[in-house]
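First the structure, in the form of structure tokens, and then the observations on it.
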Amino acid sequence: MKHSMEVGFSFGATSGIITTLGLLVGLNASTHSKSAVVGGILTIALADAFSDALGIHISEEAENIHSHKQVWFSTLFTFIAKLVFAMTFLVPVLLLDLSRAVLVSLVWGFSVLSVLSYRMAKRQNGRPVKAIFEHVFIALVVVILTHQIGDWISMKF
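What follows is the structure in structure tokens.
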């Protein structure tokens with residue numbers, strides 16, 4: 180069960196952070212609307228948590244090496260981690276003005292992603308700095324691209 184929980188938690192948390200940051204930054208750049216960002220976070224937290232949980236479920240089943248119980252544990256932990264981590268981004272958006280909330284969210288997201296990457300690298304006897312750089316770099320690319328898309332949408336529509 181430990182493997183199933185680790186798979187679900189690490190996948191759900193990472194996906195929750197990167198997806199929600201991308202959405203938050205893109206919606207802010209295109210709309211500058213707190214209600215649009217809140218609505219987007221709530222929508223993606225639920226819809227993408229179900230989607231990713233089903234994706235992990237099917238992936239684990241396709242490997243054909245896990246028990247039925249292990250598959251469902253991975254599914255459940257993916258759903259919970261994705262939902263919880265996505266929802267954490269509501270806190271700064273609800274409490275701060277939107278531009279500050281975006282900055283706080285970026286710091287929060289990159290910090291949590293760094294801790295997850297560090298823990299994973301240590302467990303695998305890998306190099307934490309390499310893992311952190313690699314994972315934060317990918318998240319940064321997502322943030323930059325979604326910001327650019329948001330700016331483009333704002334200009335075109």
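The opening position of the sequence shown corresponds to residue 180 in our numbering, with each subsequent residue numbered one higher. Where a beta carbon is used, it is the ideal one built from N, C-alpha and C, also for glycine. Since the model is a prediction, treat every value here as computed from it, not as a measurement.
About 6 Å separates the CB atoms of residue 322 and residue 201; that is less than 8 Å, so the two are in contact. Scanning 257, 285, 269 for the CA closest to the CA of residue 194 turns up 257. Relative to the Cα of residue 291, the nearest Cα in the group 304, 278, 268 belongs to 268. Between the beta-carbon of residue 225 and that of residue 215 there is about 16 Å, and that puts the pair past the 8 Å contact cut.
Apart from sequence neighbours up to five positions away, the residues of its chain that approach residue 306 with a beta-carbon distance below 8 Å are 300, ordered along the chain. Around the beta carbon of residue 232, a 10 Å sphere encloses 16 or more other beta carbons of the protein chains shown; the residue is thus reported as buried. Residue 203 has its alpha-carbon roughly 30 Å from the corresponding atom of residue 239. Per the coordinates, the alpha-carbon of residue 184 lies some 8 Å from the alpha-carbon of residue 255. The alpha-carbon separation between residue 260 and residue 250 amounts to approximately 15 Å. Each residue's CA atom was taken as its position, placing residue 303 and residue 296 some 11 Å apart. Across the set 213, 219, 271, 245, the C-alpha of 245 shows the shortest separation from the C-alpha of residue 181. Taking C-alpha positions only, residue 316 is separated from residue 243 by approximately 33 Å.
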